[in-house]
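Numbering (the numbering used here), first residue to last: -9 to 224. Backbone N, C-alpha and C define an ideal beta-carbon position, used for all residues, glycine too.
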């Protein structure tokens, strides 16, 4: 589904990613974990071509997407749910969801997909006429994920979906991610909640200072001594 090879990214003269390579097999959940400033968000933004890499290659379904305009990545059925949700605060829940179905294939199935989102997130149906800014943090995150799903993506990039949420809501969000994957959507999950992410993920990669330093099965990484000491406080 997604192959990232030797990605090098700079902000001006400062290098943010160093030869980052990883793969996301179709139908799987892959977690990209690490501390603040490790380069996780930069990686997702580069995959979406919001940031141009200095070198390296990105392939989606075998097609080279490196350097393409961002909208061309979206046309390859890739949805990006950004850190901080980035909703349209003065638009209603319904209007935010409609915005998500922007490519022709998604527009053609908009009403059907909308009903699917209301079934997956009943609270969004109840709040469909409310402005996005009036929702709770958890409801806003559900709306952000649902808006991404309105694209009918093959691959969804989730950037810090649990950030700033209460523990109970975090558990709900992770259940949603599992449900999304069970519906056949490949997931690349970026998270600071290392334990929950790796427990959920089929595979995981650990980023430190812009470099991939470890990789493996998610459940194996949770048990690794370095991960437990560095990220879980054990």
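Asked                                                                                                                       : Found
Residue from 129, 200 and -1 whose Cα sits closest to the Cα of residue 47                                                  : -1
Residues of its chain near residue 16, where Cβ-Cβ distance is below 7 Å and the 5 sequence neighbours each way are ignored : -9 and 176
Proximity to residue 72 [Cα-Cα], best of 142, 180 and 59                                                                    : 180
Candidates 51, 186 and 38: closest to residue 57 by CA position                                                             : 38
Rounded C-alpha distance that separates residue 25 from residue 62                                                          : 30 Å
Residue environment, residue 2, which counts as buried when at least 16 other CB atoms sit within 10 Å                      : exposed
Alpha carbon of residue 142 to alpha carbon of residue 101, nearest angstrom                                                : 12 Å
The region 84 to 97 in contact with the region 144 to 152 per 3-pair CB rule at 8 Å                                         : no
Local Cβ density within 10 Å of residue 44, reported as buried at 16 or more and exposed below that                         : exposed
Cβ separation of residue 212 and residue 185, assumed to be a contact under 8 Å, to the nearest whole Å                     : 6 Å
Of the listed residues 7, 4, 178 and 12, nearest to residue -6 (C-alpha basis)                                              : 12
Secondary structure of residue 183, DSSP reduced to three states                                                            : coil
Beta-carbon proximity check, residue 163 vs residue 190, cutoff 8 Å                                                         : no
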